[in-house]
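Below you'll find the structure, written out as structure tokens, and then a few comments.
2 protein chains.
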Amino acid sequence: MQRAIRVGLIGFGTIGTGVVKLLKKNREQIRDRVGAPVELVRIADIDTVRDRGVKLARGVLVPDARQILDDPEIDIVIELMGGTGLARKFMLEAIGSDKDVVTANKALLAHHGPEIFAAAEERGAEVGFEASVGGGIPIIRTLRESLGGDRHDAIYGIVNGTTNYILSAMSSGGEEFADVLKAAQADGLAEADPTFDIEGVDAAHKLTLLIQLAFGCRFAFDDVSVEGIKHVSQDDIAFADEFGFAVKHLAVAVRHKDRVEARIHPAMVPKGHPLADINGALNAVVLESDALSTNMYVGLGAGMMPTATAVVGDLMEIARNRIQGCRGRVAPLGYPIARQDKVRPLPASAGEGTYYLRMRVVDRPGVVAKVSGILGRSKISIESMIQRGRSGRGPVTMVMRTHRANDRALRRAIASIDRLDVVRGKSVVIRTEESLSA
Amino acid sequence: MQRAIRVGLIGFGTIGTGVVKLLKKNREQIRDRVGAPVELVRIADIDTVRDRGVKLARGVLVPDARQILDDPEIDIVIELMGGTGLARKFMLEAIGSDKDVVTANKALLAHHGPEIFAAAEERGAEVGFEASVGGGIPIIRTLRESLGGDRHDAIYGIVNGTTNYILSAMSSGGEEFADVLKAAQADGLAEADPTFDIEGVDAAHKLTLLIQLAFGCRFAFDDVSVEGIKHVSQDDIAFADEFGFAVKHLAVAVRHKDRVEARIHPAMVPKGHPLADINGALNAVVLESDALSTNMYVGLGAGMMPTATAVVGDLMEIARNRIQGCRGRVAPLGYPIARQDKVRPLPASAGEGTYYLRMRVVDRPGVVAKVSGILGRSKISIESMIQRGRSGRGPVTMVMRTHRANDRALRRAIASIDRLDVVRGKSVVIRTEESLSA
Numbered sequence: 001m002q003r004a005i006r007v008g009l010i011g012f013g014t015i016g017t018g019v020v021k022l023l024k025k026n027r028e029q030i031r032d033r034v035g036a037p038v039e040l041v042r043i044a045d046i047d048t049v050r051d052r053g054v055k056l057a058r059g060v061l062v063p064d065a066r067q068i069l070d071d072p073e074i075d076i077v078i079e080l081m082g083g084t085g086l087a088r089k090f091m092l093e094a095i096g097s098d099k100d101v102v103t104a105n106k107a108l109l110a111h112h113g114p115e116i117f118a119a120a121e122e123r124g125a126e127v128g129f130e131a132s133v134g135g136g137i138p139i140i141r142t143l144r145e146s147l148g149g150d151r152h153d154a155i156y157g158i159v160n161g162t163t164n165y166i167l168s169a170m171s172s173g174g175e176e177f178a179d180v181l182k183a184a185q186a187d188g189l190a191e192a193d194p195t196f197d198i199e200g201v202d203a204a205h206k207l208t209l210l211i212q213l214a215f216g217c218r219f220a221f222d223d224v225s226v227e228g229i230k231h232v233s234q235d236d237i238a239f240a241d242e243f244g245f246a247v248k249h250l251a252v253a254v255r256h257k258d259r260v261e262a263r264i265h266p267a268m269v270p271k272g273h274p275l276a277d278i279n280g281a282l283n284a285v286v287l288e289s290d291a292l293s294t295n296m297y298v299g300l301g302a303g304m305m306p307t308a309t310a311v312v313g314d315l316m317e318i319a320r321n322r323i324q325g326c327r328g329r330v331a332p333l334g335y336p337i338a339r340q341d342k343v344r345p346l347p348a349s350a351g352e353g354t355y356y357l358r359m360r361v362v363d364r365p366g367v368v369a370k371v372s373g374i375l376g377r378s379k380i381s382i383e384s385m386i387q388r389g390r391s392g393r394g395p396v397t398m399v400m401r402t403h404r405a406n407d408r409a410l411r412r413a414i415a416s417i418d419r420l421d422v423v424r425g426k427s428v429v430i431r432t433e434e435s436l437s438a
Numbered sequence: 439m440q441r442a443i444r445v446g447l448i449g450f451g452t453i454g455t456g457v458v459k460l461l462k463k464n465r466e467q468i469r470d471r472v473g474a475p476v477e478l479v480r481i482a483d484i485d486t487v488r489d490r491g492v493k494l495a496r497g498v499l500v501p502d503a504r505q506i507l508d509d510p511e512i513d514i515v516i517e518l519m520g521g522t523g524l525a526r527k528f529m530l531e532a533i534g535s536d537k538d539v540v541t542a543n544k545a546l547l548a549h550h551g552p553e554i555f556a557a558a559e560e561r562g563a564e565v566g567f568e569a570s571v572g573g574g575i576p577i578i579r580t581l582r583e584s585l586g587g588d589r590h591d592a593i594y595g596i597v598n599g600t601t602n603y604i605l606s607a608m609s610s611g612g613e614e615f616a617d618v619l620k621a622a623q624a625d626g627l628a629e630a631d632p633t634f635d636i637e638g639v640d641a642a643h644k645l646t647l648l649i650q651l652a653f654g655c656r657f658a659f660d661d662v663s664v665e666g667i668k669h670v671s672q673d674d675i676a677f678a679d680e681f682g683f684a685v686k687h688l689a690v691a692v693r694h695k696d697r698v699e700a701r702i703h704p705a706m707v708p709k710g711h712p713l714a715d716i717n718g719a720l721n722a723v724v725l726e727s728d729a730l731s732t733n734m735y736v737g738l739g740a741g742m743m744p745t746a747t748a749v750v751g752d753l754m755e756i757a758r759n760r761i762q763g764c765r766g767r768v769a770p771l772g773y774p775i776a777r778q779d780k781v782r783p784l785p786a787s788a789g790e791g792t793y794y795l796r797m798r799v800v801d802r803p804g805v806v807a808k809v810s811g812i813l814g815r816s817k818i819s820i821e822s823m824i825q826r827g828r829s830g831r832g833p834v835t836m837v838m839r840t841h842r843a844n845d846r847a848l849r850r851a852i853a854s855i856d857r858l859d860v861v862r863g864k865s866v867v868i869r870t871e872e873s874l875s876a
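Listed below in structure tokens is the structure:
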């Protein structure tokens with residue numbers, strides 16, 4: 001049998017612990033499949049004391065990542081420390097010293113992917129990042145290899161488990177966003193600082209990677225239009241239900257020839273669309289392709305063990321390639337950088353959609369005329385309207401669904417409407433995604 | 439750039455035509471991703487005359503497969519001729535002369551897989567068979583590589599598009615099996631001879647492969663318990679709906695330590711289970727795994743272009759491996775044959791389930807007592823019962839759902855019930871799959 005493949009892990013948190021567990025539990029199976037033992041020889045973490053519930057041999061856990069990076073005997077470095085500063089430096093250093101790297105760090109790859117992938121391509125090194133999108137859902141390798149002979153028109157889905165959990169819980173339990181978030185934090189289903197999740201930044205990191213893989217093009221994180229879910233209320237979820245929709249936090253990328261539209265936002269998804277039933281911590285990615293038609297992949301998008309399977313899958317692939325002498329067999333993004341398509345971003349505001357609008361208006365004759373007058377002058381026609389809550393003397397809720405409209409015109413019209421003296425507060429706009437059908 | 443990878447295609451039918459189209463349409467993309475042109479240099483088919491709607495260079499289409507098998511310049515042979523006789527011979531011959539092979543032939547691999555995979559392993563040759571299960575759904579590579587670090591407890595789903603189309607159409611349109619089948623044949627959605635599909639043989643072929651990939655074990659086609667959908671009637675679909683279920687033709691494999699249970703049969707799937715909403719020609723595969731938890735993959739399970747993407751994906755993978763000198767990088771089943779787990783089949787009749795029963799009984803006092811007496815003596819308890827159609831003097835329909843019961847005991851009880859003088863014809867038994875939850 002082949003010499004063992006030696007692995008170093010930087011960052012011994014939740015996922016790191018899962019990786020240790022999985023490598024230990026399925027040791028023989030992994031060896032048999034790879035053709036050599038895959039040995040985790042060193043783990044670096046500032047905290048060398050905390051009990052993670054896994055037993056390590058003496059000397060494996062060290063406080064300094066240098067003991068991994070400087071060890072010429074280590075073949076593969078797993079980066080699970082997070083962040084985009086030191087993680088970037090370590091990754092480039094590992095690649096530079098002919099190690100391969102595996103990471104779950106979508107923020108790092110969304111921001112510094114071009115630099116890291118170029119360095120890897122130049123050195124013939126491997127960058128495994130299956131764990132960075134969709135937890136254990138094998139969407140990265142599927143796009144990079146299995147479906148490489150097809151052209152993809154759109155990739156979209158639910159790629160953040162926290163926001164999907166919150167919206168699902170709001171939908172089933174009737175509580176408002178803030179209360180559900182608090183409960184999710186208490187249950188460990190949302191981070192103490194959930195900003196990246198609930199603002200859509202995490203989803204945008206992932207979409208940046210999916211776009212490059214699916215469309216074979218370069219695409220920058222800054223060109224993703226990002227909107228979180230904080231403004232979604234129980235009212236919106238109840239009205240959506242009444243209209244026949246579920247509110248989902250979607251990541252959407254559509255290719256229009258040499259332009260790519262990329263957006264993260266709460267969306268009304270028609271019941272009956274497979275994404276409408278993806279609830280809780282599940283993620284789902286839908287691919288619409290030229291030859292393949294529609295494909296969907298569903299699974300847990302986060303969590304210790306699901307994410308660990310993706311890390312270990314990458315480790316096995318890279319170990320095999322090292323053993324067989326074909327490191328860099330596939331470019332990290334499936335496509336050599338020099339041959340990536342040149343595309344320009346298409347701002348979400350340049351597109352068209354149908355919209356759900358919720359406004360608080362004073363309960364007075366003529367209000368509908370004022371609001372619909374502004375929409376009409378912007379060439380936005382109303383498909384349906386509901387006005388509720390006429391019990392007291394305060395403002396009432398008015399909800400509308402529009403026919404197909406230009407996004408920019410719609411947003412401008414809403415800004416005008418919000419300046420009317422009969423409108424209270426900021427109106428809520430949720431795009432519907434009726435055109436995406438499986 | 440690397441020399442071109444030369445491909446020969448045996449069998450120029452629907453999928454073969456799709457492969458030609460896809461290789462032509464995405465020629466540059468495939469070259470860029472692989473690192474060399476992938477050239478279809480010869481196609482062998484008995485029919486060299488029929489217009490398939492694709493233009494070929496002069497001399498490419500030949501009548502004799504020998505012109506591919508005997509050509510030392512050809513690297514990869516795509517076998518799309520079907521059957522298990524000549525196809526087996528050609529495949530072994532190609533492997534023996536250091537070519538790699540790609541096939542969509544699940545019947546061949548279900549019956550002769552061990553021989554073919556052993557030959558490939560011995561010669562370090564590649565066998566690509568992504569197209570054999572789930573059309574364009576990349577389930578083969580996912581099991582073989584991405585999820586190789588996890589252990590799978592169960593794999594099940596809808597793997598035959600014809601039966602799913604028929605059951606979906608029966609459910610939405612209210613027509614009986616025979617009429618829907620006729621319409622599907624007229625529309626090209628069912629074969630002229632649909633036996634393999636509607637009897638469950640095709641699904642059993644596919645399940646035989648999925649079991650070996652998912653559980654890392656050898657498993658024989660003959661050990662799959664197979665039941666078709668011919669006996670499913672509108673009554674069953676309507677009662678299922680009333681009870682909150684959809685009738686689906688499922689392929690189910692469950693690992694119980696060193697035993698594997700494998701069965702194809704119509705099943706009652708609770709509404710709300712993701713498989714209940716997989717309709718028409720869609721396929722879906724659900725995987726329940728130790729670390730990953732539940733994953734699901736959905737897409738078109740057949741058709742010219744979806745299946746062609748799988749063939750081309752395999753071609754690209756193999757072309758890459760040839761270029762990089764790592765042929766046979768992964769064993770065809772993900773696991774070297776010598777290290778496959780030894781498992782024994784667990785007959786479906788040894789298991790337990792809950793069941794739906796439909797009987798035709800004479801409309802006379804005491805009938806329920808007789809039927810339930812037999813069930814009671816077999817220790818099968820009834821969860822609910824409906825009796826309908828008491829308008830005339832003829833037999834009436836009686837439907838029951840059981841609590842959890844032993845399969846063999848249930849089947850024996852039904853045989854006794856069918857011998858009662860108050861029972862007309864053969865009763866229908868449909869297993870419910872409530873335990874499979876996503």
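One line per chain: the protein sequences are A and B, in this order. Per my numbering, the very first residue in the first sequence carries number 1; after that it's consecutive. Per my numbering, the very first residue in the second sequence carries number 439; after that it's consecutive. Quick reminder that beta carbons are idealized off the backbone N, C-alpha and C, glycines included.
Item to check | Proximal residues to A:Leu346 (C-beta, below 7 Å), its chain only, five neighbours per side dropped | outcome: His256, Arg259, Val260 and Glu261
Next on the checklist: Using C-beta distances below 7 Å, list every residue in its chain close to B:Val860, excluding the 5 sequence neighbours before and after it, in chain order.
Outcome noted: Val799, Val800, Arg802, Val805 and Lys808
Checklist entry - Closer than 9 Å, CB to CB, is A:Cys326 near chain B or not? => result yes
Next on the checklist: In the DSSP assignment, the beta strand (DSSP E) including A:Val29 goes from what residue to what residue?
Outcome noted: A small fix is needed here, since residue 29 of chain A is Gln in this sequence, not Val. Element bounds for A:Gln29: not the beta strand (DSSP E) but the alpha helix (DSSP H), Arg27 to Val34.
Item to check | Closer than 9 Å to chain A by CB, B:Pro552 | outcome: no
Item to check | Near-chain A residues of the segment 577 to 595 of chain B (beta-carbon distance less than 8 Å), N- to C-terminal order | outcome: Arg579, Thr580, Glu583, Ser584, Leu585, Gly586, Gly587, Asp588 and Arg589
Checklist entry - Residues of chain B with a CB under 7 Å from the CB of A:Ala308: which are they? => result Ala729
Item to check | Cβ distance (whole Å) where A:Leu147 is taken to contact A:Leu292 below 8 Å | outcome: 7 Å
Next on the checklist: For A:Gly313, would you say it is in contact with chain B, using Cβ-to-Cβ distances shorter than 9 Å as the test?
Outcome noted: yes
Item to check | Nearest-angstrom Cβ-Cβ length linking B:Thr522 and B:Leu546, presumed shorter than 8 Å | outcome: 5 Å
Item to check | Local Cβ density within 10 Å of A:Asn381, reported as buried at 16 or more and exposed below that | outcome: As written in the sequence, residue 381 of chain A is Ser, which differs from the Asn given in the question. Per the 10 Å Cβ criterion, exposed.
Checklist entry - Residue range of the beta strand (DSSP E) that B:Leu585 falls in? => result No beta strand (DSSP E) holds B:Leu585; DSSP gives it neither H nor E.
Checklist entry - Any idea if A:Ser446 is buried or exposed, counting beta-carbon neighbours within 10 angstroms, 16 or more meaning buried? => result It is not possible to answer for residue 446 of chain A, since the shown part of chain A is limited to 1 through 438.
Checklist entry - Quick one: Cα of B:Gly520 to Cα of A:Arg141, how far? => result About 29 Å.
Item to check | Start and end residues, alpha helix (DSSP H) containing B:Met608 | outcome: Gly599 to Gly611
Next on the checklist: With H, G and I counted as helix, E and B as strand and the rest as coil, what does DSSP make of A:Ser97?
Outcome noted: coil
Checklist entry - Taking the C-alpha atoms as reference points, what is the distance between A:Gly303 and A:Gly135? => result Roughly 7 Å separates the two Cα atoms.
Checklist entry - Got a sec? Which residues, its chain only, sit under 7 Å from A:Ser437 by beta carbon, not counting five neighbours each side? => result Here A:Ser437 scores only 41 on pLDDT, less than 50, and its place in the model should not be relied on; the value that follows carries that caveat. Around A:Ser437: His273.
Next on the checklist: Considering only DSSP beta bridges, list what B:Pro704 is partnered with.
Outcome noted: B:His687
Next on the checklist: If we define contact as Cβ-Cβ less than 9 Å, is B:Leu874 a contact residue for chain A?
Outcome noted: Model confidence at B:Leu874 stands at a pLDDT of 47, short of 50, so the residue's coordinates are unreliable and nothing is read from them.
Checklist entry - Which residues bound the beta strand (DSSP E) around A:Glu199? => result No beta strand (DSSP E) contains A:Glu199, which DSSP labels as neither H nor E.
Item to check | Residue of A:Val34, A:Leu9, A:Gly16 and A:Arg31 minimising C-alpha distance to A:Ala65 | outcome: A:Leu9
Item to check | Extent of the continuous beta strand (DSSP E) run through A:Arg123 | outcome: In this chain, A:Arg123 is not harboured by any beta strand (DSSP E); it is covered by the alpha helix (DSSP H) spanning Lys106 to Arg123.
Item to check | Residue-chain proximity (A:Asp32, chain B), Cβ-Cβ < 9 Å | outcome: yes
Item to check | Length of the line joining the Cα atoms of B:His687 and B:Ile667 | outcome: 7 Å
Next on the checklist: For a contact defined as C-beta to C-beta under 8 Å, what are the partners of A:Asn26 on chain B?
Outcome noted: Gly587, Asp588 and Arg589
Next on the checklist: 9 Å is my cut-off, CB to CB: does A:Gln2 come that close to chain B?
Outcome noted: no
Checklist entry - At what residues does the alpha helix (DSSP H) containing A:Glu317 begin and finish? => result Looking at the DSSP string, the run of the alpha helix (DSSP H) that includes A:Glu317 is Met304 to Ile323.
Item to check | Listed by chain order, chain B residues near A:Leu22 by CB distance under 7 Å | outcome: Gly587 and Ala729
Checklist entry - Are B:Leu753 and B:Ile516 touching if we call contact CB-CB under 9 Å? => result yes
Next on the checklist: Let me check understanding here. Comparing Cα to Cα, which of A:Met268, A:Thr307 and A:Gly389 lies closest to A:Arg401?
Outcome noted: A:Met268
Checklist entry - Does the beta-carbon distance from A:Asn295 to A:Ser289 come in below 9 Å? => result Against a cut-off of 9 Å, the Cβ pair of A:Ser289 and A:Asn295 comes out as a contact.
Item to check | Uninterrupted alpha helix (DSSP H) stretches inside the segment 182 to 247 of chain A (no shorter than 4 residues) | outcome: The segment 182 to 247 of chain A is shown to contain whole alpha helix (DSSP H) runs of 4 or more residues at 195 to 198, 201 to 215 and 234 to 243, in chain order.
Item to check | Those residues which DSSP pairs with B:Asp696 across a bridge | outcome: None, per the DSSP bridge assignment.
Checklist entry - Which one or two residues does DSSP pair with A:Ile337 in a beta bridge? => result For A:Ile337, which the question treats as bridged, DSSP gives no partner whatsoever.
Checklist entry - If B:Ala746 sits next to B:Gly456, beta carbons under 8 Å apart, how far is it from one beta carbon to the other, in whole angstroms? => result 3 Å
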